[in-house]
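There are 4 protein chains.
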Amino acid sequence: MAKLDDLLEDLVTANRVLASQGIVDSFGHVSIRHPGNPMRYFLSRARAPERVEIGDIMEFTLEGDPVDAKGRRPYLERFIHGAAYEMRPDVMSVIHNHSPGVIPFGITGRTMRPVMHMCATIGHEVPIWDQHTKFGDTNLLVESMAMGRDLAKKLGKGRTALMRGHGAVVVGPDLRATVYTAVYLELNAKLQMQAEAMSKKVKFLTKGETKLVAATTTPANVNRAWENWCRKADRPYKE
Amino acid sequence: MAKLDDLLEDLVTANRVLASQGIVDSFGHVSIRHPGNPMRYFLSRARAPERVEIGDIMEFTLEGDPVDAKGRRPYLERFIHGAAYEMRPDVMSVIHNHSPGVIPFGITGRTMRPVMHMCATIGHEVPIWDQHTKFGDTNLLVESMAMGRDLAKKLGKGRTALMRGHGAVVVGPDLRATVYTAVYLELNAKLQMQAEAMSKKVKFLTKGETKLVAATTTPANVNRAWENWCRKADRPYKE
Amino acid sequence: MAKLDDLLEDLVTANRVLASQGIVDSFGHVSIRHPGNPMRYFLSRARAPERVEIGDIMEFTLEGDPVDAKGRRPYLERFIHGAAYEMRPDVMSVIHNHSPGVIPFGITGRTMRPVMHMCATIGHEVPIWDQHTKFGDTNLLVESMAMGRDLAKKLGKGRTALMRGHGAVVVGPDLRATVYTAVYLELNAKLQMQAEAMSKKVKFLTKGETKLVAATTTPANVNRAWENWCRKADRPYKE
Amino acid sequence: MAKLDDLLEDLVTANRVLASQGIVDSFGHVSIRHPGNPMRYFLSRARAPERVEIGDIMEFTLEGDPVDAKGRRPYLERFIHGAAYEMRPDVMSVIHNHSPGVIPFGITGRTMRPVMHMCATIGHEVPIWDQHTKFGDTNLLVESMAMGRDLAKKLGKGRTALMRGHGAVVVGPDLRATVYTAVYLELNAKLQMQAEAMSKKVKFLTKGETKLVAATTTPANVNRAWENWCRKADRPYKE
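Protein chains in written order, with this note's numbering: chain W, 1100 to 1338; chain A, 1100 to 1338; chain X, 1100 to 1338; chain U, 1100 to 1338.
#1: Here's a check: name, in chain order, each residue in its chain whose Cβ is nearer than 7 Å to the Cβ of A:Glu1326, leaving out the five neighbours to either side.
#2: If you reduce the DSSP assignment to three classes, tell me which class X:His1216 lands in.
#3: Please confirm if the region 1179–1199 of chain A is in contact with the region 1280–1293 of chain A, defined as three or more CB-CB distances below 8 Å between the two stretches.
#4: Which term fits W:Leu1290, buried or exposed, when burial requires 16 or more other beta carbons within 10 angstroms of its beta carbon?
#5: DSSP three-state label for W:Asn1136, please.
#6: 9 Å is my cut-off, CB to CB: does A:His1216 come that close to chain W?
#7: Give, in chain order, every unbroken run of the beta strand (DSSP E) that is at least 3 residues long and sits entirely within the region 1234–1283 of chain X.
#8: Assuming W:Ala1319 and W:Ala1219 are in contact, meaning their beta carbons sit under 8 Å apart, how far apart are those beta carbons, in whole angstroms?
#9: With three or more beta-carbon pairs closer than 8 Å as the criterion, would you say the region 1160–1175 of chain X touches the region 1123–1142 of chain X?
#10: Using the rule of at least 16 other Cβ atoms within 10 Å of the residue's Cβ for burial, across every protein chain shown, is W:Met1100 buried or exposed?
#11: How big is the Cα-Cα spacing for X:Thr1237 and U:Gly1255?
#12: Using the three-state DSSP reduction, which class does U:Arg1150 fall into: helix, strand or coil?
#13: The region 1157–1178 of chain A: which residues have C-beta closer than 9 Å to a C-beta of chain X, in chain order?
#14: Would you grab the beta carbon distance between X:Phe1178 and U:Met1217 for me? Rounded to a whole angstrom, and I think it's under 8 Å.
#15: Could you give the DSSP three-state label for W:Ser1130: helix, strand or coil?
#16: For a contact defined as C-beta to C-beta under 7 Å, what are the partners of W:Asp1236 on chain A?
#17: Can you tell me which residues form a DSSP beta bridge with U:His1195?
#18: Going by beta carbon distance, what residues of the same chain come within less than 8 Å of W:Arg1248, once the five residues before and after it are set aside?
#19: Can you name the residues of chain X whose CB is closer than 7 Å to the CB of U:Asp1280?
#20: Look up A:Ser1119 in the DSSP assignment and say whether it is helix, strand or coil.
#21: Going by beta carbon distance, what residues of the same chain come within less than 6 Å of U:Ala1276, once the five residues before and after it are set aside?
#22: To which residues of the same chain is X:His1128 closer than 7 Å at the C-beta, ignoring the five residues directly before and after it?
#23: To the nearest angstrom, report how far apart U:Arg1209 and U:Glu1152 are at their CA atoms.
#24: Against chain U, with Cβ distances strictly below 9 Å, would W:Val1269 count as a contact?
#25: Please classify A:Val1301: does DSSP put it in a helix, a strand, or coil?
#26: Residues of chain X with CB closer than 7 Å to the CB of U:Ala1296, please, in chain order.
#27: Rounding to the nearest angstrom, what Cα-Cα distance links W:Ile1202 and U:Met1262 in this structure?
#28: Are there 16 or more other CB atoms within 10 angstroms of the CB of X:Arg1258, so buried, or fewer, so exposed?
#29: DSSP three-state call for W:Leu1335: helix, strand or coil?
#30: What is the DSSP secondary structure of U:Arg1144, counted as helix, strand or coil?
#31: Taking 7 Å as the limit between beta carbons, can you name the residues of its chain near X:His1223, skipping five residues before and five after?
#32: The ligand PLP and X:His1197: does the residue's C-beta get closer than 8 Å to at least one heavy atom of that ligand?
#33: Taking its Cβ as the centre, do 16 or more other Cβ atoms sit within 10 Å of W:Gly1154, making it buried, or is it exposed?
#34: Quick one, which of X:Ala1168, X:Thr1232, X:Glu1338, X:Gly1271 has its alpha-carbon nearest X:Ala1145's?
#35: For the region 1134–1160 of chain W, which residues have a beta carbon sitting closer than 8 Å to at least one beta carbon of chain B?
#36: Please list, in chain order, the chain X residues whose beta carbon lies closer than 8 Å to that of A:Thr1259.
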């Protein structure tokens, strides 16, 4: 099980990296699909990402039932993860955060688009999901598979979706690429806001550029950032 | 008196957390009502919150008289606390700060509203108190019970009020929930400013959403942040 | 000479505090008038404020001649200090910085006014000095008493003046009050920029409020911040 | 070869300083031309600047071929450096970064100009290069000498050029002056954005001022910042 142990340590690291990079504050969470069983995923118990340790990692069914809770309380919003894994066989990692930069986009309906090459993996256009549309007044938590599935529908085939008045969900083909996308989603929000304040004519990445850059965003590139983020978060780095 | 000792340590922690989270700078203060005597509250002597230690905590009557000063100088503005406790039997903690994000709202008369779920406990609308209205030109300090009561009237039944050209007052049913509200009031200010710069049409939380989220903001949720903030402020965490 | 030694240590501390508070970067400087001889002032040799040590402090005549250089190179712009001391017998400390927040005000001609009580000591209105007016194209350094005197004239009887495309000069009746004003000048710039972006109608402090707050800004108040800043800059605090 | 060793240590330091100053994140790179052979330059292997160590420094021909790779992978975009050295015999150092502040300028076509004296070395006007103009849809990486030469053409005789949707290139007569320009390019972007939001009439440095300031930006001045940056990046300082 050496490989699974490494993945779970990487998951702990991802929690710390997201916190250290300001992509999550005390809230938000990151999961990985079980590499050997597509019907399971790993996610910490309900704890601030900066505090997550290996003993906090729990295993869940896609429906959100803990496999061996040991008295640990799960995140109320684990259904964001389960529904994404259910709908998207290509997705191996899911992040939910309250990335501050994206909030103004979600609540004004402004579409996020990549402003620079580092941000291409957010996709050509970032959709916005509003829980109120289907569910009316709620406490804005994705507390059920029904809500999770509605969000996953809005995510579609892309890697990011905003959640109005709440935050974002980010998915990817592996953990590190997903963390990378989450970090650059936040930067994109900040820079797009600045550019659109300066001018009505903003050159976003073309569809062609977005595709080509995403294809060039290899594990080697992602690892250059991952190594740096590990050390800043005081976590060991394995290539 | 074990329980009171724990509360007083939590109060020291709250001082450090507010400083570490940037909600107070060298100025600002946080108090708790005496759990055994509603006519008393605890507040540090006049010192930067980041420096407050257990020996700085003083006990006051609601009118602002120290119970056992031991030569320690109190905050000139302790009347903000006393008047809030006097008017609001439900309030068990009060924070006064110069939260930078809220200043532009106070001096432009713009109403703050919750932009995301984390900020719901600020209330559906945040009132603005202007000392000049009743007291004309002053040094802008709430230096008397008369001034404190005028501010508490503006606070009404809510948890937050802005003070024009000065800062904010935040109240709550317990210390940790009040610190939480103060932290997210500052974030809300920043995000609302950004959203309103982007668009005239901003979707704030509906009245229904605000109520439902506030009801879901349980001690367990608040503790997830509290644990994280304690460790960042290098203070011990007790659940 | 114990009292002078303490003042010189406080001057070293002021350098570190200004750096730690982001009011100076690698450039900028702070001086004090000699307590026993109004025709002299103390200023570090040319070094980043964050690096200044007691052995860097040099004594100057108001004209800017070092009293005992010992091979140490002085700041080219020491004339800012000398001219302020020459023109203003009430001034006992001078700061020159490149405070980033004030630059947009200096280059757009927008008048800074106090937005909150902490900022009242900047004065009711902050004048802007443009070196080009009298001296045409220059390298924008105040490299002579002629230039320093022209700037001091613009400063007038106030405590602050902006320098177009350059930064600011801040003066005061003692070192700590001057550092305090410089810190809150920068904050005022940031908040005024935000407020004026939100609305055409901004309530600044009235003339009466500005006066009353400035009168309340006592050494005790300033020391609450000074103690905090000392510890953050890792310097010993003496009341 | 003592002098070359010192230069290579300075190059490692430059990597750390750029990271510590926020001018590069996990991406971006800095090189120096070989002091003894104008047909060679030194550049780290592909690694985050914050992690670069002396053993990472590789030597390249201007065409981008490693002289003694030892299995180390080079930056895909080393052609930015080679082409600048090829076109500009006066250039002894090159930086490529994704400086966030400049991105909005690059994607809105807004011309950067110096707003304050510290920023004069960016030049009177900063040109913008758009890879799409000559090469159509690409992955936005400067992956060939053809692309590098096209960028160097846009750079012309100046020290800075923006790269649309990507970042910037900065060159200079020596390493420290180039790092200095890169740091102040980022600051200039932030302050120009703020000023232009405040007013349509912004006083930039005149052509004459820009020239005079650049002439005054001596190694002594640059070293004041360099000493400070070294210590903040925990690197030894040699004058």
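Virtual Cβ for every residue (Gly too), placed ideally from N, Cα, C.
Here's the rundown:
#1: Tyr1336
#2: helix
#3: By the criterion of at least three beta-carbon pairs nearer than 8 Å, the region 1179–1199 of chain A is in contact with the region 1280–1293 of chain A.
#4: buried
#5: Looking at W:Asn1136 - three-state DSSP - the assignment turns out to be coil, as it is neither helix nor strand.
#6: yes
#7: 1259–1262, 1266–1271
#8: With a Cβ gap of about 16 Å, W:Ala1319 and W:Ala1219 do not count as contacting.
#9: yes
#10: The predicted model places W:Met1100 with a pLDDT of 44, which falls under 50 and marks its position as unreliable; any figure quoted below should be read in that light. That one is exposed.
#11: X:Thr1237 and U:Gly1255 have their alpha carbons spaced roughly 26 Å apart.
#12: Correct three-state label for U:Arg1150: helix.
#13: Arg1172, Leu1175
#14: Between U:Met1217 and X:Phe1178 the Cβ distance is about 19 Å, and since that is not below 8 Å, they are no contact.
#15: strand
#16: Thr1305, Gly1307, Glu1308, Leu1311
#17: U:His1128, U:Val1268
#18: Ala1182, Glu1185, Met1186
#19: The question names Asp, but residue 1280 of chain U is Thr in the sequence shown. Within chain X, no residue comes near U:Thr1280; the closest Cβ sits about 14 Å away, beyond 7 Å.
#20: helix
#21: Contacts found: Val1321.
#22: Close CB contacts of X:His1128 within its chain, under the 7 Å cut and outside five residues either way in sequence, are with Leu1142, Ser1143, Pro1148, Tyr1174, His1195 (chain order).
#23: 37 Å
#24: no
#25: coil
#26: Ala1296
#27: Answer to the nearest angstrom: the Cα atoms are 28 Å apart.
#28: buried
#29: First, the amino acid is wrong: residue 1335 of chain W is Pro here, not Leu. In the structure shown, the three-state DSSP call for W:Pro1335 is coil.
#30: strand
#31: Excluding sequence positions up to five before and after X:His1223, its CB lies within less than 7 Å of the CB of Arg1212, Lys1306, Thr1309, all in the same chain and listed in chain order.
#32: This structure does not include the ligand PLP; it has no bound ligands of any sort.
#33: exposed
#34: X:Ala1168
#35: No chain B appears in the structure shown, which is made up of the protein chains W, A, X and U.
#36: Near A:Thr1259 there are no residues of chain X at all, since even the closest Cβ is about 17 Å away, more than 8 Å.
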